[in-house]
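Asks:
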Amino acid sequence: MSLDKTAAILVVGAGTWGSSTALHLARRGYSNVTVLDAYPVPSAISAGNDIYHLGGTARGLSAAGAISTTGDFPGWKGYFMRSGAGWAHARNALVAAAREAQRLGVRFVTGDPAGKVVTLIFEDNDVKGAVTADGKIWRAERTILCAGANSDQFIDFKQQLRPTAWTIAHIALEEAERALYKNLPVIFHIEKGFFFEPDDERGEIKICDEHPGYTNMVRLPDGTLASRPFAKTQVPVDSE
1 MSLDKTAAIL VVGAGTWGSS TALHLARRGY SNVTVLDAYP VPSAISAGND IYHLGGTARG
61 LSAAGAISTT GDFPGWKGYF MRSGAGWAHA RNALVAAARE AQRLGVRFVT GDPAGKVVTL
121 IFEDNDVKGA VTADGKIWRA ERTILCAGAN SDQFIDFKQQ LRPTAWTIAH IALEEAERAL
181 YKNLPVIFHI EKGFFFEPDD ERGEIKICDE HPGYTNMVRL PDGTLASRPF AKTQVPVDSE
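Under the UniProt record's numbering, think of the first position of the sequence shown as 1, with each following residue one higher.
#1: Can you list, in chain order, the residues of its chain whose CB lies under 8 Å from that of T215, leaving out five sequence neighbours each side?
#2: Could you check whether the segment 188–205 touches the segment 130–150, counting it as contact only if at least three pairs of C-beta atoms, one from each stretch, sit closer than 8 Å?
#3: Ignore the nearest five residues each way along the sequence and tell me which others in L25's own chain have a CB closer than 7 Å to its CB.
#4: From A172 to G135, what distance separates their C-alpha atoms?
#5: Helix, strand or coil: which one does DSSP assign to L220?
#6: Have a look at A231 and V95 and give me their C-alpha separation to the nearest angstrom.
#7: Which of the three DSSP states, helix, strand or coil, is assigned to residue 245?
#8: Output the distance between the C-alpha atoms of G115 and L23, rounded to the nearest integer angstrom.
#9: From A133, V109, I155, pick the residue whose C-alpha is nearest to that of V127; which is it?
#10: Determine which residues share a DSSP beta bridge with G18 and list them.
#11: Name the two residues that bound the continuous alpha helix (DSSP H) containing E100.
#12: Note the first and the last residue of the continuous alpha helix (DSSP H) segment covering A179.
#13: Mapping the DSSP letters down to three states, classify G56 as helix, strand or coil.
#14: For R139, which of helix, strand or coil comes out of DSSP?
#15: Would you tell me roughly how many angstroms separate the C-alpha atoms of P212 and D222, rounded to the nearest one?
#16: Do you know how far the Cα of A88 is from the Cα of F195?
#17: Taking its Cβ as the centre, do 16 or more other Cβ atoms sit within 10 Å of F122, making it buried, or is it exposed?
#18: Could you tell me if L36 is buried or exposed, where buried requires 16 or more neighbouring beta carbons within 10 angstroms of its beta carbon?
#19: Can you give me the C-alpha to C-alpha distance between V117 and I45, rounded to a whole angstrom?
#20: Could you round the C-beta distance between T16 and I144 to whole angstroms and report it? I think they count as a contact, below 8 Å.
Following this line, the structure appears as structure tokens:
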């Protein structure tokens, strides 16, 4: 169904997906786009609020043995991809997309309660908008759900969506260490995880453990178990 360029479009979530969606809608001439999020950009719980994210297929090296990031790489088979892939500074890209969308006329409503969506509006077997925590009703001709790991709190995914967390470390390096690891290829090891060069802003190297991940299972009122994401600020101190 075609949509008029002035039709009200509501985007739920201002993370990477939501901000990018809003930006592309604005670039295509849609002039009545609103984005709702419980957190200001960049959201504290957005997966995109990070230093690095891979783009395309990781350009890295594969090996059967232990990781080595200096000198020779015995047993390594070389690059999986030399071009058309790599990494991007995820947080900066997220913020840039949101700012450009705003410049093009997209309205961002963030924070709790004004931007916190508590439920979608279901009518005639369709989604007609959303309701925020302050009680405001946001009606739209098209509603786009970009709530990431929180999506199954708005739509029943029949237990096909399970929010999962990985263990990620950002380690600050000394100046000499930054120079040593500068321009390091993205390294991926199926058993040990993946590694990125230090970022220019903070000089931190990112290490991510590669495993199935952790869940936060809670029992819902209907008795079913579901994984519920929570912000890093909610992690108990004794668990760090």
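By construction, the Cβ of each residue, glycine as well, lies at the ideal position given by its N, Cα and C atoms. No experiment lies behind these values; they were computed from the predicted model shown.
Replies: Considering the structure as presented:
#1: These residues qualify, in order along the chain: R162, P163, T164, A165, S227.
#2: Pairwise C-beta distances place the segment 188–205 out of contact with the segment 130–150, as fewer than three of them are shorter than 8 Å.
#3: So the list reads I9, V33, once near-sequence residues are dropped.
#4: So the two alpha carbons sit approximately 44 Å from each other.
#5: Reduced to three states, the DSSP call for L220 is coil.
#6: The straight-line gap from Cα to Cα measures roughly 19 Å.
#7: Within the shown structure, residues of the chain are numbered from 1 to 240, placing residue 245 beyond reach of any answer.
#8: For G115 and L23, the distance between alpha carbons rounds to 18 Å.
#9: Cα-wise, what sits closest to V127 is I155.
#10: As computed with DSSP, G18 is found in no beta bridge at all.
#11: Element bounds for E100: 90–103.
#12: Residues 175–181.
#13: Residue placement at G56 is poorly supported in this model, since its pLDDT is 45, which falls under 50; the coordinates still yield a value, given next. In the displayed model, G56 falls within coil according to three-state DSSP, outside both helix and strand.
#14: Looking at R139 - three-state DSSP - the assignment turns out to be strand.
#15: Their Cα atoms are separated by approximately 27 Å.
#16: Those two C-alpha atoms are separated by around 13 Å.
#17: Classification for F122: exposed.
#18: By the neighbour-count definition (other C-beta atoms within 10 Å, threshold 16), L36 is a buried residue.
#19: About 15 Å.
#20: At roughly 14 Å, the Cβ-Cβ gap does not stay under 8 Å, so T16 and I144 are not in contact.
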